[in-house]
Amino acid sequence: MCPDYDVASGGIRVIYRFVDILNSSGVDAVVVHRSAKFRSSWFENDTTIIGAETARFQKGDLLVIPEWYRQLIPWLAPGVPNVIINQNAYEMFSDVPFEKGAPAPLMNADTIGIIGISEDNLRYFKLCFPGVRVDSIRLSMDTELFHPSPDGKTRTIAYMPRKRLKELNQILHVLDRRGSLDGWELQPIIGVSEVEVARRLGSAAIFLALNDREGIALPSLEAMASGCVVVGFHGGSGEEYMKPDLSVPIPDGEVVLLVESLESEMSRWVEGDESQQQMIKAAVEFVRSTYTQERERDDVVRVFSEALNRVSQITPGTEHLNKKLLAANTDQLNRAIKKLPKS
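Written out as structure tokens, the structure reads:
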């Protein structure tokens with residue numbers, strides 16, 4: 000399942016890619032959108048898509064549900080085996096009111112496991128759901144798309160303004176008041192295609208990382224692959240790759256230290272500091288060798304094949320998705336959740 004959301008979203012890109020990998024490996028898979036006419040258009044794809052109204056469950060089928068559907072998960076297709084692909088552990092309970100002794104219904108008896116995408120999130124799942132099987136898929140980085148520009152780098156600081164805007168405003172104001180931005184261009188990246196993101200990162204010298212708690216901080220990983228000096232907050236999930244010898248990780252919320260570190264890296268870049276250049280090269284090579292398409296493909300095929308084996312003899316208790324709950328956007332999702340039965 001996948002929401003009908005046509006704005007740049009790494010999570011949706013991952014869902015499409017997993018379906019492509021499965022089909023190319025001989026495992027039948029489809030993306031189920033609310034509408035058969037919908038297709039994400041911000042990245043190139045010819046992924047197999049069907050509308051929810053035509054989805055029919057048969058013996059041995061497995062429904063894969065993103066964590067985006069939250070409390071709707073138990074009601075979407077009761078009696079149909081499912082796994083939850085959770086690309087952000089920290090969103091599960093973020094808007095769920097707490098009532099002691101009444102755990103939020105984020106899965107049901109048909110849920111056979113949870114799939115995560117970062118070491119940080121796996122720790123969360125294992126702590127929260129000790130009796131549920133947890134699997135991991137390491138995502139890949141398209142290094143044919145994300146790489147240093149062959150035309151060289153420019154004196155540019157790139158960043159994603161949709162993340163941690165309060166801290167971003169503080170950082171930019173302080174830098175500007177200190178005159179540190181003189182001679183530098185700022186490059187916000189928002190609302191553009193995947194190809195354009197790669198182009199901007201490929202030519203930027205520095206990437207300002209404002210990662211918050213999430214599944215995995217892909218923009219910073221893309222920036223490392225693109226040859227940027229990555230400076231900023233790792234947000235937990237980015238800790239697995241924002242290592243001190245590959246980037247400049249800053250303790251969460253330490254705005255003063257982040258500004259000071261940015262200024263230092265900006266000066267080193269202007270001076271052509273050799274140790275900084277070695278760090279950049281090491282970061283590019285680390286991403287290329289660690290987040291490979293081969294590793295992701297192996298993980299996807301292994302995890303979903305094992306899950307399919309576990310449900311191969313199960314006949315689903317229903318043939319259809321619950322049409323009343325097929326939210327297309329966050330507002331519809333929240334309205335649907337409010338209408339759920341209390342028990």
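For the sequence shown, numbering that gives the first Met the number 0 begins at 0 and goes up steadily by one. We treat Cβ as the ideally placed atom computed from N, Cα and C, and that holds for glycine.
Have a look at residue i and residue j and give me their C-alpha separation to the nearest angstrom.
{"i": "L121", "j": "R212", "result": "13 Å"}
{"i": "S8", "j": "P102", "result": "29 Å"}
{"i": "K125", "j": "R12", "result": "25 Å"}
{"i": "G252", "j": "N87", "result": "20 Å"}
{"i": "Y290", "j": "L144", "result": "14 Å"}
{"i": "G231", "j": "Q312", "result": "49 Å"}
{"i": "Q71", "j": "Y123", "result": "Per the sequence shown, residue 71 should be read as Leu rather than Gln. Taking the straight line from one Cα to the other gives about 21 Å."}
{"i": "Y15", "j": "P96", "result": "32 Å"}
{"i": "S236", "j": "I215", "result": "5 Å"}
{"i": "D19", "j": "G115", "result": "18 Å"}
{"i": "D45", "j": "V194", "result": "16 Å"}
{"i": "I113", "j": "V131", "result": "7 Å"}
{"i": "L209", "j": "R161", "result": "9 Å"}
{"i": "G100", "j": "F128", "result": "15 Å"}
{"i": "T53", "j": "G190", "result": "32 Å"}
{"i": "V300", "j": "P243", "result": "33 Å"}
{"i": "L180", "j": "E273", "result": "22 Å"}
{"i": "N331", "j": "D94", "result": "According to the sequence provided, residue 331 is Gln. The question's Asn does not apply to it. So the two alpha carbons sit approximately 15 Å from each other."}
{"i": "L185", "j": "E238", "result": "25 Å"}
{"i": "N22", "j": "Q169", "result": "46 Å"}
{"i": "D175", "j": "E270", "result": "20 Å"}
{"i": "G178", "j": "I156", "result": "15 Å"}
Is residue j closer than 8 Å to residue i when the C-beta atoms are compared?
{"i": "V30", "j": "T47", "result": "yes"}
{"i": "Y240", "j": "M223", "result": "yes"}
{"i": "C227", "j": "L256", "result": "no"}
{"i": "P345", "j": "F56", "result": "The question about residue 345 has no answer here: the residues shown for the chain are numbered 0 through 342."}
{"i": "E90", "j": "E118", "result": "no"}
{"i": "S202", "j": "T153", "result": "yes"}
{"i": "S192", "j": "Q292", "result": "no"}
{"i": "G50", "j": "S34", "result": "yes"}
{"i": "H146", "j": "S246", "result": "no"}
{"i": "V258", "j": "E166", "result": "no"}
{"i": "I205", "j": "W268", "result": "yes"}
{"i": "I336", "j": "R69", "result": "yes"}
{"i": "L261", "j": "L207", "result": "yes"}
{"i": "A327", "j": "P2", "result": "yes"}
{"i": "E111", "j": "V310", "result": "This sequence places Ile at residue 111; Glu is not what is there. Result yes, Cβ atoms of I111 and V310 sit closer than 8 Å."}
{"i": "L324", "j": "L105", "result": "no"}
{"i": "V286", "j": "L220", "result": "yes"}
{"i": "P218", "j": "H233", "result": "no"}
For residue i, which residues does DSSP report across the bridge?
{"i": "A203", "result": "T153"}
{"i": "T110", "result": "N81"}
{"i": "V131", "result": "According to DSSP, V131 bridges with nothing at all."}
{"i": "H32", "result": "G50"}
{"i": "V115", "result": "At residue 115 the sequence reads Gly, which differs from the Val that was named. In DSSP, G115 forms a bridge with S135."}
Any idea what DSSP makes of residue i, helix, strand or coil?
{"i": "P77", "result": "coil"}
{"i": "T53", "result": "helix"}
{"i": "V300", "result": "helix"}
{"i": "L245", "result": "coil"}
{"i": "D19", "result": "helix"}
{"i": "G124", "result": "Per the sequence shown, the amino acid found at residue 124 is Phe instead of Gly. Helix."}
{"i": "H172", "result": "helix"}
{"i": "A208", "result": "strand"}
{"i": "E184", "result": "strand"}
{"i": "I64", "result": "strand"}
{"i": "G237", "result": "helix"}
{"i": "Y158", "result": "strand"}
{"i": "F232", "result": "strand"}
{"i": "Y89", "result": "helix"}
{"i": "W268", "result": "helix"}
{"i": "L220", "result": "helix"}
{"i": "T291", "result": "coil"}
Checklist entry - Would you say the stretch 75–83 touches the stretch 56–64, given that touching needs at least three Cβ pairs under 8 Å? => result yes
Item to check | Cβ contact check for the stretch 319–327 and the stretch 271–287: 3 or more pairs under 8 Å | outcome: no
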